[in-house]
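Remarks on the structure that follows.
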Amino acid sequence: MTADDTIVFVVDDDEALREALGELLAANGVRSALFRSAGHYIGSDKPDLPACLILDVELPDINGLDLQRQIAEGDHPPIVFITGHGDIPSSVRAIKHGAVDFLTKPFSDTALLGAIRAAIAQDRETRARRAELALLRQRYRELSPREREVLPLVVSGLLNKQAAAELGISEVTLQIHRRNVMQKLAASSLADLVRIAERLEIPIRHSRRMGGI
1 MTADDTIVFV VDDDEALREA LGELLAANGV RSALFRSAGH YIGSDKPDLP
51 ACLILDVELP DINGLDLQRQ IAEGDHPPIV FITGHGDIPS SVRAIKHGAV
101 DFLTKPFSDT ALLGAIRAAI AQDRETRARR AELALLRQRY RELSPREREV
151 LPLVVSGLLN KQAAAELGIS EVTLQIHRRN VMQKLAASSL ADLVRIAERL
201 EIPIRHSRRM GGI
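In terms of full-length UniProt numbering, the sequence shown has 20 at position 20, counting the first letter as 1, and numbering is strictly consecutive.
Here it is in structure tokens:
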């Protein structure tokens with residue numbers, strides 16, 4: 001973790017703890033942004049960086065667990081909960097809904113920093129998958145209407161002549177479209193093309209290879 005490429009958001013109404021966490025993160029070369037309430041966190045502008053959200057369970061405006069539920073549908077950093085009033089049901093609920101850890105005050109610096117590293121690593125992976133999907137969607141938009149018809153037939157396992165018959169075109173024409181699809185989607189093999197189609201949630205026209213036509 002470095003201050004340049006990551007950030008940790010701290011949401012806690014305890015000013016002394018909030019400042020102490022900011023100093024701890026700074027001492028470990030981690031950039032942070034401190035908030036005294038969920039509302040201040042939600043309303044703030046946030047840099048687009050791999051991040052972690054350190055979230056107190058008991059906040060003055062909204063319960064941290066409720067905030068976790070509210071932001072669950074959007075893109076948000078992995079959460080590390082901290083609380084002075086931990087209980088098993090709360091920790092189970094937090095972890096079940098995706099929290100990386102649930103730490104009870106007082107917690108050690110080692111435990112917190114370990115949880116933060118795990119959360120930021122998780123966010124990096126999520127961002128990489130999201131970026132890959134965005135690129136695949138952009139490439140898919142570059143396919144012609146006919147190429148979009150060819151794609152599900154090819155990944156379904158049909159032979160070229162079978163897919164061509166489905167579309168009422170010649171096998172040679174089908175092969176040209178298939179090659180264009182492979183190139184535009186940057187697929188190195190049929191297996192790679194199948195994986196790409198799955199990521200794009202392309203409906204499969206046939207579930208298994210058909211008999212000869």
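The beta-carbon is built from N, C-alpha and C at its ideal position, and this holds for glycine as well.
N- and C-terminal bounds of the alpha helix (DSSP H) containing residue i
i: residue 214; result: The structure shown has nothing for residue 214, since the chain only spans 1 to 213.
i: T83; result: Element bounds for T83: not the alpha helix (DSSP H) but the beta strand (DSSP E), I79 to T83.
i: S189; result: That residue, S189, is in no alpha helix (DSSP H); it is neither H nor E in DSSP.
i: K201; result: Per the sequence presented here, residue 201 reads as Glu, with Lys not at that position. First-last for E201: undefined, no H or E at that position.
i: N160; result: N160 to L167
Simplified DSSP state of residue i, which is helix, strand or coil
i: A51; result: strand
i: V57; result: coil
i: G211; result: Below a pLDDT of 50, predicted positions are generally treated as unreliable, and G211, at 43, falls in that range; no measurement from the model is reported.
i: E73; result: coil
i: S91; result: helix
i: V13; result: Reading the sequence as shown, one finds Asp at residue 13 and not Val. The answer is coil: DSSP assigns D13 none of H, G, I, E or B.
i: G29; result: coil
i: P145; result: helix
i: L174; result: helix
i: G64; result: helix
i: V181; result: helix
i: G98; result: coil
i: G157; result: coil
i: R18; result: helix
Boundaries (first-last residue) of the beta strand (DSSP E) holding residue i
i: D101; result: D101 to T104
Which residues DSSP lists as bridging residue i, in chain order
i: I42; result: I42 is not bridged to any residue.
i: I7; result: A51
Short Cβ contact (9 angstroms threshold) for residue i with residue j
i: L65; j: R93; result: yes
i: I79; j: Q70; result: no
i: P47; j: I7; result: yes
i: V181; j: E132; result: no
i: D101; j: D56; result: no
i: E166; j: L153; result: yes
i: R18; j: L25; result: no
i: L34; j: L21; result: yes
i: G98; j: A72; result: yes
i: T16; j: I120; result: Per the sequence presented here, residue 16 reads as Ala, with Thr not at that position. No, these two residues do not count as a Cβ contact at 9 angstroms.
i: R130; j: D75; result: yes
Beta carbon proximity, residue i to chain D, threshold 9 angstroms
i: R117; result: Checking the listed chains, one finds no chain D in this structure; it contains a single protein chain.
Cβ separation of residue i and residue j, assumed to be a contact under 8 angstroms, to the nearest whole Å
i: V150; j: A197; result: That belief does not hold up - the Cβ atoms of V150 and A197 are roughly 11 angstroms apart, past 8 angstroms.
i: residue 250; j: D61; result: An answer regarding residue 250 cannot be provided, because it is not within the stretch 1 to 213 covered by the chain.
i: A163; j: L174; result: 5 angstroms
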